[in-house]
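Notes for the one structure printed next.
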Amino acid sequence: VQLQASGGGLVQAGGSLRLSCAASISINSINTMGWYRQAPGKQRELVATLTRGGTPNYADSVKGRFTISRDNAKNTVYLQMNSLKPEDTAVYYCNAVIMVPTVRAYWGEGTLVTVSS
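If you use this note's numbering, the sequence shown corresponds to residues 8 to 124, in order.
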């Protein structure tokens, strides 16, 4: 499975960005897709995930500001980020987890999001 992330960039605090993650296979065959981020000097952390059944999960720090969604026809998952804060600055990584026949996790190359104050 290959994941191609895009949409990062430089934005002022309070602004918005939308990240995209295009999968090389049908996302209907992927159990969970999500976004993680890693800020300089920090560990990678969960931002948001979306199950195949459509259940989202968000980190407390982004609840109410970020929305994860998907387009099955385009095999793409999106992360709409609003009201961005400087602390959202990080490299954002797309993730896919397939659980059958064995649990496998796939990562895309990161996309950098920089929020200026």
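Glycine residues also receive a C-beta, built at the ideal position from the N, C-alpha and C atoms.
Inset, instruction - Please report how far the alpha carbon of residue 63 lies from the alpha carbon of residue 86, in whole angstroms. - result: 11 Å
Inset, instruction - Decide if the stretch 59 to 73 is in contact with the stretch 100 to 118; the criterion is three or more beta carbon pairs, one per stretch, under 8 Å apart. - result: no
Inset, instruction - Use the C-beta contact count for residue 16: other C-beta atoms within 10 angstroms, 16 or more gives buried, fewer gives exposed. - result: exposed
Legend entry - Reference residue 30; option with closest CA among 23, 48 and 8: 8
Inset, instruction - Run through the stretch 62 to 108 for me and flag every whole alpha helix (DSSP H) of 4 or more residues, listed as ranges in chain order. - result: none
Inset, instruction - May I ask you to report which of helix, strand or coil DSSP gives residue 23? - result: DSSP places residue 23 in coil when its eight states are reduced to three.
Inset, instruction - Return the Cβ separation of residue 27 and residue 74 in integer angstroms, given the expectation that the two are a contact with Cβ distance under 8 Å. - result: Incorrect: roughly 13 Å between the Cβ atoms, too far for contact.
Legend entry - Given residue 70 as reference, the closest of 90, 78 and 46 once Cα atoms are compared: Comparing Cα-Cα distances from residue 70 to each of 90, 78 and 46, the minimum goes to 90.
Legend entry - From 13, 42, 121 and 32, residue whose alpha carbon lies closest to that of residue 96: Closest option to residue 96, Cα to Cα, is 121.
Inset, instruction - Would you tell me roughly how many angstroms separate the C-alpha atoms of residue 118 and residue 106, rounded to the nearest one? - result: 26 Å
Legend entry - Three-way DSSP call (helix, strand, coil) for residue 123 in this model: Residue state for residue 123 is assigned as strand, using DSSP reduced to three classes.
Legend entry - Residue burial classification, residue 79 (beta-carbon count within 10 angstroms, cutoff 16): Residue 79 is exposed by the Cβ-count criterion.
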